[in-house]
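Reading through the structure tokens given below for one structure.
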Amino acid sequence: MTIDWDVSALLEVMARDLRPLIDPEQAAMIGIFTGGVWLARTLHAALGLRQPLGQVDISFYRDDFSQIGLHPQVRASDIPFDVDGRDIILVDDVLYTGRTVRAAMNEIFDYGRPARILLAVLVDRGGHELPVAADVAALRLIATAGEHIKLRGPDPLRLELEQREPQP
Numbered sequence: 001m002t003i004d005w006d007v008s009a010l011l012e013v014m015a016r017d018l019r020p021l022i023d024p025e026q027a028a029m030i031g032i033f034t035g036g037v038w039l040a041r042t043l044h045a046a047l048g049l050r051q052p053l054g055q056v057d058i059s060f061y062r063d064d065f066s067q068i069g070l071h072p073q074v075r076a077s078d079i080p081f082d083v084d085g086r087d088i089i090l091v092d093d094v095l096y097t098g099r100t101v102r103a104a105m106n107e108i109f110d111y112g113r114p115a116r117i118l119l120a121v122l123v124d125r126g127g128h129e130l131p132v133a134a135d136v137a138a139l140r141l142i143a144t145a146g147e148h149i150k151l152r153g154p155d156p157l158r159l160e161l162e163q164r165e166p167q168p
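Mapping of the sequence shown onto full-length UniProt numbering: position 34 corresponds to residue 34, and the numbering continues sequentially without gaps.
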């Protein structure tokens, strides 16, 4: 089932909420593959950030790597700016357990020590397992354990809600 929300309008909400939190001359943005990168491309342009857009693939940083295995399409991370002392806007599509964000922060710290990291997500669906909170979220929902929210794209971007059978 496709959720009937205008992703473009949600991106405008994210940009509006981020503007007062950043200095476009100093801040840099990093998208988490894949959905976070799709969103970050639009946000980066809307905010007029001077630093090039970065992207991370957190496959090797996940704490459940031994359980789920390696994703078949691991991509190289690319952070083309100095992280030290910089405000970083970390962009992801859906915040759920917090483990993806934790993995992305681990990778960012391998590049240096930012002044701060702001988390911007399209959807915060609740159910966090780690103390991770979004600074900016276009939507805040409470989804059940059997519901999976997925951003599809890149063109057009659309949100989908899938019902999954509970595991025994």
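A virtual CB, placed ideally from N, CA and C, is assigned to each residue, including glycine.
Alpha carbon to alpha carbon, how far is residue i from residue j?
i	j	result
leucine 139	valine 94	10 Å
threonine 144	proline 52	37 Å
alanine 120	proline 156	20 Å
isoleucine 68	glutamine 163	Its pLDDT being 49, under 50, isoleucine 68 is placed unreliably by the model, and the measurement read from it follows with that caveat. Rounded to the nearest angstrom, the two C-alpha atoms are 20 Å apart.
serine 59	threonine 34	11 Å
alanine 28	leucine 49	7 Å
leucine 122	alanine 103	18 Å
valine 132	valine 101	8 Å
methionine 105	glutamate 165	31 Å
phenylalanine 81	glycine 126	32 Å
leucine 21	glutamate 147	32 Å
glutamate 25	valine 74	31 Å
valine 7	aspartate 110	32 Å
Could you please give me the residues that DSSP links to residue i through a beta bridge?
i	result
aspartate 124	Leu95, Arg140
arginine 158	Arg152
glutamate 147	Gln163
aspartate 87	Arg116
Leaving aside the five residues before and after residue i along the sequence, list all residues of the same chain whose C-beta is less than 8 Å from its C-beta, in chain order.
i	result
proline 114	Val83, Asp84, Gly85, Arg86, Asp87, Ile88, Ile108
leucine 129	Inspection of the sequence shows that residue 129 is occupied by glutamate rather than by leucine. Thr97, Gly98, Arg99, listed in sequence order.
alanine 45	none
leucine 43	Leu11, Met14, Ala15, Leu18, Met29, Ile89, Val91, Ala120
aspartate 23	Asp87
alanine 76	Asp57
tryptophan 5	Leu139, Leu159
For residue i, which residues of its own chain have a beta-carbon under 6 Å away from its beta-carbon, when the five flanking residues on both sides are left out?
i	result
phenylalanine 65	Because the pLDDT at phenylalanine 65 is just 48, under 50, the model does not fix this residue reliably, and the point stays unresolved.
What is the DSSP secondary structure of residue i, reduced to helix, strand or coil?
i	result
isoleucine 79	coil
valine 101	helix
aspartate 110	helix
aspartate 4	coil
Between residue i and the rest of its own chain, which residues show a CB-CB distance below 7 Å, the 5 nearest in sequence each way excluded?
i	result
proline 154	Trp38
Curious, which full-length beta strand (DSSP E) runs of at least 3 residues does the region 6 to 70 contain? Note on the region 6 to 70: whole beta strand (DSSP E) runs with a minimum of 3 residues are 28 to 32, 54 to 56, in chain order.
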